[in-house]
Structures are given as structure tokens and as C-alpha cells.
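Student: My questions all concern the structure below.
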Amino acid sequence: MEFLQYIDTQLFRFLNITLANPVTDKLMPFITERNHWFIFYVLIWLFLVIKGGRTGRISAFLILPLILLTDQFSNNILKPFFERVRPCHDIQGVNLLINCSEAFAFPSNHAVNNFAAATLFSHFYPGMKSFLYIGAAIVALSRVMCGVHYPFDIIAGAVIGMIFAMLVIQLWTLIEKKIASNEQVKKGQ
Numbered sequence: 425m426e427f428l429q430y431i432d433t434q435l436f437r438f439l440n441i442t443l444a445n446p447v448t449d450k451l452m453p454f455i456t457e458r459n460h461w462f463i464f465y466v467l468i469w470l471f472l473v474i475k476g477g478r479t480g481r482i483s484a485f486l487i488l489p490l491i492l493l494t495d496q497f498s499n500n501i502l503k504p505f506f507e508r509v510r511p512c513h514d515i516q517g518v519n520l521l522i523n524c525s526e527a528f529a530f531p532s533n534h535a536v537n538n539f540a541a542a543t544l545f546s547h548f549y550p551g552m553k554s555f556l557y558i559g560a561a562i563v564a565l566s567r568v569m570c571g572v573h574y575p576f577d578i579i580a581g582a583v584i585g586m587i588f589a590m591l592v593i594q595l596w597t598l599i600e601k602k603i604a605s606n607e608q609v610k611k612g613q
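Under my numbering, the residue at position 21 of the sequence shown is numbered 445, and the numbers go up by one with no gaps.
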């Protein structure tokens with residue numbers, strides 16, 4: 425376990441300190457701040473509901489419980505269980521670009537939620553897959569660059585988010601099959 429912590433700390437130092445520069449020091453805090461993206465997310469959600477057709481409405485419907493589930497699971501179960509201190513409270517010389525929260529670090533909720541959303545929307549819009557995952561990765565990486573998460577926090581968050589999204593997709597697929605089966609039975613009567 426100490427070896428993994430050592431690797432995580434060295435990766436953090438490389439990403440947060442060695443790669444720090446005036447451009448990323450300005451850009452990463454903007455990327456990491458949820459409030460900068462909220463209106464954009466709401467507009468996309470409304471577009472999916474109004475103009476997205478059946479696929480848009482389904483994905484807009486599924487994203488809400490998915491993000492609620494992933495966010496709550498990560499924040500209220502995993503973080504208190506692991507009690508991992510943020511690097512900005514643990515490492516000397518951190519290039520801290522935003523406020524260092526007192527909340528625990530593992531896993532990163534930004535990574536959990538963004539990778540959950542990327543996985544769900546990639547299922548419904550496969551042509552957007554690269555764009556969605558690159559966007560999620562940039563948001564997750566911004567957490568390390570800003571000094572508030574270790575790399576393993578965001579890697580674990582990405583995996584957790586993708587797993588939850590795949591479970592929601594599988595559940596939706598089963599529901600759709602059940603609905604289609606019931607409609608076939610009704611047509612046959």
C-alpha cells in the first residue's frame with residue numbers, strides 16, 4: 425500500500441508542480457469550477473428533452489438519477505469510508521489554485537460524475553464518445569492540477585462513474601425489453 429501511495433504522490437507532484445505554468449494555472453481553476461458549466465449543462469439537458477427526440481429524452485431522463493446516485497454514493501459512503509486527506513492538506517509546496525476543501529478526497533466526485541455522464545451519453549450518442557471522454561478526463565485532471573486530488577482519486581472516480589453508468593444502461597435495457605415484450609403480448613391479443 426505504501427508503494428501505491430508513493431506512486432500516487434510522485435504522479436501528483438509531477439502533474440501539479442512540475443507541469444504547472446501560467447496557462448494551466450489560469451485555465452484549470454476555470455475548468456474545475458462547476459458553476460462555470462451549470463448553465464451549459466442545463467441548456468444541453470433542455471435541448472435533449474425538447475429537440476433530442478426519443479433518444480434525447482431517454483438520456484436526459486437517465487442522467488438525473490445517475491448523477492444523483494453516483495454523487496451521493498461517492499460523497500456519503502466512499503469518502504467517509506476511506507477518509508483520504510486531500511494533497512493540499514498533506515503535501516508541502518502544492519500548487520494550490522482553488523480553495524482546499526476539508527472534505528475527504530477519495531474518490532473525486534468530479535471524476536465520478538463526469539465519467540458517469542460521459543459513459544451514459546456515449547451509449548446513446550456513440551459518435552460523441554471521444555469528445556465526451558476527453559472532456560471528462562480534462563475535468564478530472566483539473567482536480568490534480570488545482571492541487572485538491574491525487575491522481576488515484578480521479579482514476580478511481582472515473583472507474584466508479586463508468587461502472588454506475590453501465591449498470592444504469594443495463595437496467596434501462598432490461599426495462600426497454602420488458603416494455604417491448606409487453607407491447608408484443610398486447611398486439612397478439
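From the three backbone atoms N, C-alpha and C, an ideal C-beta is built for every residue, glycine too. Keep in mind that this is a model prediction, so the values were computed, not measured.
1) One question on the structure: do Val536 and Ile599 come within less than 8 Å of each other, judged by their Cβ atoms?
2) Give every residue of the same chain whose Cβ lies closer than 7 Å to the Cβ of Ala580, excluding the five residues on either side of it in the sequence, and list them in chain order.
3) Who are the Cβ neighbours of Asn490 in its own chain at under 8 Å, not counting the five residues just before and after it?
4) By a C-beta neighbour count over all protein chains shown, 10 Å radius and 16 as the cutoff for buried, is Leu472 buried or exposed?
5) Please say whether Pro550 and Phe436 have beta carbons closer to each other than 8 Å?
6) Based on Cα-Cα distance, which residue from Gln429, Asp432, Leu439, Ile455 lies nearest to Asn620?
7) Hey, how far is the Cα of Phe427 from the Cα of Pro575?
8) Using a Cβ-Cβ cut-off of 6 Å (strictly less than) and excluding sequence neighbours within five positions of Ala560, which residues of its own chain qualify?
9) Might you give, ordered along the chain, the residues of its own chain that have their beta carbon closer than 7 Å to the beta carbon of Pro453, omitting 5 neighbours on each side?
10) Closest to Thr597 by CA distance: which of Tyr557, Tyr465, Phe548 is it?
11) Mind checking Leu556: buried by the 16 CB within 10 Å criterion, or exposed?
12) Are the beta-carbon atoms belonging to Asn533 and Ser498 less than 8 Å from one another?
13) Classify Val518 as buried or exposed, calling it buried when 16 or more other Cβ atoms lie within 10 Å of its own Cβ.
Tutor: Taking the coordinates as given:
1) no
2) Phe530, Pro531
3) Inspection of the sequence shows that residue 490 is occupied by Leu rather than by Asn. Taken in chain order, the residues that qualify are Ala540, Ala541, Leu544, Phe588, Ala589, Val592.
4) buried
5) no
6) Beyond the ends of the chain as shown, which are 425 and 613, falls residue 620; an answer cannot be given.
7) 14 Å
8) Asn538, Phe539, Ala542
9) Leu521, Ile522, Cys570
10) Phe548
11) buried
12) yes
13) buried
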